[in-house]
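Novice: Next up is a structure, given as structure tokens.
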Amino acid sequence: MEMTPQETLFEYLRQIIFEDEPQAIRIKELPEDLRDLGSGLQLLALWMGEVKRMSIALSDGNLDAEPPGPDNVLADPLKSLQATMKHIAWQAKQISKGDYSQKLDYMGDFSMAFNDMTLQLAEKQEALEKSRDDAIKAKQILQEVMDGLDRYFVILGEKDQQVRYENDAFRKLQAADPEFAEQLKSQICRGISISRDAKRKWEIEIPAEEGVGQQGSRYFFVDANFLLWNDEPVVACIIEDISEERRKEQKIKEFAFFDALTGLHNRRYIMEILETWLEEADPFTITFIDLDNLKFANDEAGHEEGDKYIKQAANLLVHVAGTIEVARIGGDEFLLLVKNRTEADLQQELEEKRTKLFQMGKAENAIYLKSFSYGIVEADSLGSSRYRSELLREADKRMYEYKMKNKPKIKRSAEEDKEKSWN
């Protein structure tokens, strides 16, 4: 089924957010009232592409990457970050040369931590100059720096995977939730066992049931380095909690695949499921459902009543027996995919739910008649080809035929009949 201009723009926006190379849209083929929006999305795609490329460059440590042009306002924070990182890198080089006079005074808490670090390094350098055991002093500096991090830092023996060192953040986690901390260490050890590369990065997920007192799954990014610690091969792991970022990503996916009014899936999601079921070649039925008299409900009783009507129907359809997927695909349209049910059996249940919806309207003394029309098609009924467009077209045709025969008629005056035609 060909996408509407609005769906085309929404798909383009999804590609801008989730894909590296969004397909171009033809502005001239859009309706005139959507061309400015299309042009704006094209500009957004250009800016987002530049921001992504610069973000990747910075994340790879390329501080000399060419920044986007001055007209890309989305890139201003990255440009500022690039300049700051380059200056901090220069200061770090100066510190590495022994210049502990370097100070930061424009980055809030980070400045305090940086300045405290340089001060501590200066003090430690002075102590090292008086000490013969440089290795022990270097380890003390590392521990103090790691203890100042908000991220978790753990050093594990490469052979026995026992803890050699934990920073303050990880010790606090252990004190607050020892079972969860142990589960996190176990997952890290499992990831280390998979690969013995000198440097390895990966993500881990700890489901809610495996972490005591957790709200939903927790996600962590692990940066592991194999090195020597007191002449022993160890793995130093920096662990960052990225749970909030993953939850935000999940929210974005939910907005993309769910209908806000009913909580059901939307057209985009159900069409993907339909394609999957067609490829699997298992038998199933497709049902196109259209609410009767919704326009009358909206016009005469108000859109709140219309929304209530839609949600009542959705609540009935979501409880259809069998392996089902149900989605709201339009204002008054639903699509139902059902496995393990015959057409006759499904028709009987839909008639029962249609009657129940009709009785709900009667009980509420609604000024309109609540019901729905439907068209059922078995996926294999049109031959072995199982084309999505043909199946949907046939289901829509059968729904329309059913509506012509069974839609409840609203009684109106002769004058109203001349002026109004309700869907």
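Read in order, the letters of the sequence shown are residues 1232 to 1654 in the numbering used here.
Glycine is no exception: its CB is placed at the ideal position from the N, C-alpha and C atoms.
Predicted model, so just to flag it, every value in this text is computed and none were measured.
Under the rule that 16 or more other beta-carbon atoms within 10 Å means buried, what is V1608, buried or exposed?
Specialist: Position 377 of the sequence shown, counted from the first residue, corresponds to residue 1608. It is buried - the Cβ of V1608 has at least 16 other Cβ atoms within 10 Å.
Novice: State buried or exposed for I1248, treating a residue as buried only when at least 16 other CB atoms are found within 10 Å of its CB.
Specialist: Locating residue 1248 in the sequence shown gives position 17, counting from the first residue. It counts as exposed.
Novice: Leaving out five residues before and five after G1422 in sequence, what residues of the same chain have Cβ atoms less than 8 angstroms from its Cβ?
Specialist: Against the sequence shown, residue 1422 aligns to sequence position 191. R1431, W1433, I1435, V1453 and A1455, listed in sequence order.
Novice: For E1609, does the three-state DSSP call read helix, strand or coil?
Specialist: As a first step, residue 1609 must be located in the sequence shown, where it is residue number 378. Residue state, collapsed to three classes: strand.
Novice: Please name the residue in K1526, L1277, N1571 and G1329 whose C-alpha comes closest to that of F1515.
Specialist: The count along the sequence shown starts at 1 and reaches residue 1515 at position 284. Residue N1571 is the option with its Cα nearest to F1515.
Novice: Between the stretch 1556-1568 and the stretch 1491-1503, are three or more C-beta pairs nearer than 8 angstroms?
Specialist: With the cut-off at 8 angstroms, the stretch 1556-1568 and the stretch 1491-1503 touch.
Novice: In or out: P1253 buried (at least 16 other Cβ within 10 Å) or exposed?
Specialist: Within the sequence shown, numbered from 1, the residue matching residue 1253 stands at position 22. Answer is buried; the Cβ neighbour count reaches 16.
Novice: Put P1464 into one of helix, strand or coil per three-state DSSP.
Specialist: Taking the sequence shown and counting its residues from 1, one reaches residue 1464 at position 233. Reduced to three states, the DSSP call for P1464 is strand.
Novice: Based on Cα-Cα distance, which residue from L1581, L1458 and D1513 lies nearest to F1519?
Specialist: If you number the sequence shown from 1, residue 1519 lands on position 288. Taking only the C-alpha atoms, the option nearest F1519 is L1581.
Novice: Per DSSP, what are the beta-bridge partners of K1430 in this structure?
Specialist: In the sequence shown, counting from the first residue as 1, residue 1430 sits at position 199. N1456, per the DSSP bridge assignment.
Novice: When the Cα of R1245 is compared with those of L1272, E1263, P1262 and I1258, which residue comes out closest?
Specialist: Taking the first residue of the sequence shown as position 1, residue 1245 is located at position 14. Answer by Cα proximity: L1272.
Novice: Go through its chain and collect everything with a Cβ distance to K1310's Cβ below 6 angstroms, but skip five positions before and after it.
Specialist: The count along the sequence shown starts at 1 and reaches residue 1310 at position 79. Closer than 6 angstroms at the Cβ level, and outside the excluded window around K1310, lie P1298.
Novice: Regarding I1598 and the ligand MN, is the C-beta to nearest heavy atom distance less than 8 angstroms?
Specialist: Absent from the structure shown: the ligand MN. Ligands present: none.
Novice: Tell me the rounded alpha-carbon separation between G1447 and I1470.
Specialist: As a working note, residue 1447 is residue 216 in the sequence shown. As a working note, residue 1470 is residue 239 in the sequence shown. The alpha-carbon atoms of G1447 and I1470 are separated by roughly 19 angstroms.
Novice: Tell me which residues share the same chain as Q1325 and place their Cβ nearer than 6 angstroms to its Cβ, disregarding the 5 neighbours each side in the sequence.
Specialist: Here residue 1325 refers to the residue found at position 94 when the sequence shown is read from its first residue. So the list reads Q1333, once near-sequence residues are dropped.
Novice: Starting from I1504, follow the alpha helix (DSSP H) in both directions and report where the run begins and ends.
Specialist: Position 273 of the sequence shown holds residue 1504. Start and end: R1498 to E1511.
Novice: Between which two residues does the beta strand (DSSP E) harbouring K1259 extend?
Specialist: Within the sequence shown, residue 1259 is the residue found at index 28, counting from 1. Neither: K1259 is in no beta strand (DSSP E) and is coded neither H nor E.
Novice: Report all residues from its chain with a CB closer than 7 angstroms to the CB of L1458; omit the five preceding and five following residues, and keep chain order.
Specialist: Sequence index remark: in the sequence shown, residue 1458 carries index 227 (1-based). For L1458, where only same-chain residues beyond five positions count, the Cβ hits under 7 angstroms are V1465 and A1467.
Novice: Leaving out the 5 sequence neighbours to the left and right, which residues in its chain are closer than 6 angstroms to Q1392 when beta-carbon positions are compared?
Specialist: Start at 1 with the first residue of the sequence shown, and residue 1392 comes out as number 161. Cβ neighbours of Q1392 beyond the five flanking positions: C1420.
Novice: Distance check for S1342 and L1352, CA to CA, integer angstroms please.
Specialist: Translated into positions along the sequence shown, residue 1352 becomes position 121. Translated into positions along the sequence shown, residue 1342 becomes position 111. Near 15 angstroms, if we compare the C-alpha coordinates of S1342 and L1352.
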